[in-house]
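One structure below.
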Amino acid sequence: MAHVDYSGPMAQVYDRGRQLPDASVRVWVAAATRYLPIGADPILNLGAGTGRFSGPLAEGLEANIVGLEPAAGMRARAATRPTLSGLTLVGGRAEALPFGDKTFRGIWASQVIHHLVDLEACARELRRILVDDGRILIRGLYEDL
């Protein structure tokens, strides 16, 4: 996939182009609550973007969310969301995660897999940062994999 610069103007219009109705977000969060641990801190939102799922996940999972997003512009947009109390935003890439071993009880990755440069490196990193009984939920389209 061609690289898209999400730190520039794209960050300002991203939500309009990828908007989901609140009801759809609630359906995805309800699905997440069936698989990710409730009340188990912290949960990683891998490729958090503008934070569309971060607040609802924090509420639904009763957990603190760490949003990893490589694009500074997207992190800046996420920081303006009023429903994101308790969210920590971190810069970095999935292929070289800036977290210690066994840090997260769960990982939510929505619409991010197609952006990865090295899928195997990402898989190794996710395994490293996930506790032994942790879970990863991946949401997206996978035509090219």
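Residue numbering for the sequence shown follows the numbering used here, beginning at 123 and increasing consecutively.
For each residue, glycine too, the CB sits at the ideal point set by N, CA and C.
Quick caveat: nothing in here was measured; it's all calculated off a predicted structure.
Query	Result
Between R249 and the ligand ADP, is the CB less than 7 Å from at least one heavy atom?	Judged by which ligands are present, the structure shown has none, so any question about the ligand ADP falls away.
For a test of the three-state rule: what should DSSP assign to G256, helix, strand or coil?	strand
With H, G and I counted as helix, E and B as strand and the rest as coil, what does DSSP make of V212?	strand
With DSSP as the reference, identify every bridge partner of F226, one or two as the case may be.	L252
Relative to the alpha-carbon of A216, which residue among Y157, L166, A154, V151 has its alpha-carbon at the smallest distance?	L166
Whole angstroms is fine: what's the gap from L209's alpha carbon to D163's?	12 Å
Quick check on P178: buried or exposed, where buried means 16 or more other Cβ atoms within 10 Å of its Cβ?	buried
Which partner residues of V188 appear in the DSSP bridge assignment?	L166, T210
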